[in-house]
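A short worksheet on the structure shown next.
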Amino acid sequence: MRKLENSELDRKSIEDFKKSEKTPLILVLDDIRSLHNIGSVFRTADAFLIEKIILCGITATPPNKEIHKTALGATETVAWEHHENVLEVIENLKKENILTMAIEQVESSVFLQDFKIEKNQKYALVFGNEVYGVSQEAVAICDGCIEIPQLGTKHSLNISVSAGIVVWDLFQKINWPE
63 MRKLENSELD RKSIEDFKKS EKTPLILVLD DIRSLHNIGS VFRTADAFLI
113 EKIILCGITA TPPNKEIHKT ALGATETVAW EHHENVLEVI ENLKKENILT
163 MAIEQVESSV FLQDFKIEKN QKYALVFGNE VYGVSQEAVA ICDGCIEIPQ
213 LGTKHSLNIS VSAGIVVWDL FQKINWPE
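In structure tokens:
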């Protein structure tokens, strides 16, 4: 076994990335404090050709050298926008027939492994603040909630880790249905 060189990875150019068909996922980041978390989510979004990221509230926006440190250029490829009010964002997404799913631990949540993708459906995944999670107001207006099952003592994951887990799971279900 030999580790591949960067030149062997068939990386897309920025132009090719922007022209590529996107995975029908929108990531909504609400009141994310850590610039490194924001950058990491951009990098995950780039890896899986995510349609766009919507940054809400106090979530910082590019260009920002601390975001860039972990995004490694993904802020140049992944489409993004900023809005102050996450509730307005969720309502507008719903008006566009985009299914909005909070990633949170709530009553009647669906465990990630049990969540079924609907063919030809676009999804918005709402991720909340590192301390408080997705606000109750946002949870209440989302179409549903997906929960990442956890077995340890914390039942809390870093937001960039949560985004990576959920995006990878849904990416698989979209691209390689059973």
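Here the sequence shown is numbered in my numbering, starting from 63 and rising by one per residue.
The beta-carbon is built from N, C-alpha and C at its ideal position, and this holds for glycine as well.
Because the structure is a prediction, the values reported are computed rather than measured.
Asked                                                                                                      : Found
Helix, strand or coil at F173 [DSSP, three-state]                                                          : strand
Residue burial classification, S222 (beta-carbon count within 10 angstroms, cutoff 16)                     : buried
Cβ-based burial, E209 [other Cβ within 10 Å; buried from 16]                                               : buried
Where S218 falls, given that 16 or more other Cβ within 10 Å makes a residue buried                        : exposed
Runs of beta strand (DSSP E) wholly within the region 129-161 (minimum 3 residues, chain order)            : 141-145
E77, enclosing alpha helix (DSSP H) - first and last residue                                               : I76 to K81
Contact check, I76 vs E138, beta carbons under 8 Å                                                         : yes
E180 versus K127 - alpha carbon distance                                                                   : 38 Å
G101 (DSSP reduced to helix, strand or coil)                                                               : helix
Straight-line Cα distance separating V140 from A314                                                        : Residue 314 falls outside the range modelled here, since the chain spans only 63 to 240, and no answer is possible.
T215 burial status per 10 Å Cβ neighbour count (16 or more: buried)                                        : exposed
T162, buried or exposed, once every other Cβ within 10 Å from all chains shown has been counted against 16 : buried
Buried/exposed call for V193, threshold 16 Cβ in 10 Å                                                      : exposed
N- and C-terminal bounds of the alpha helix (DSSP H) containing L232                                       : I221 to N237
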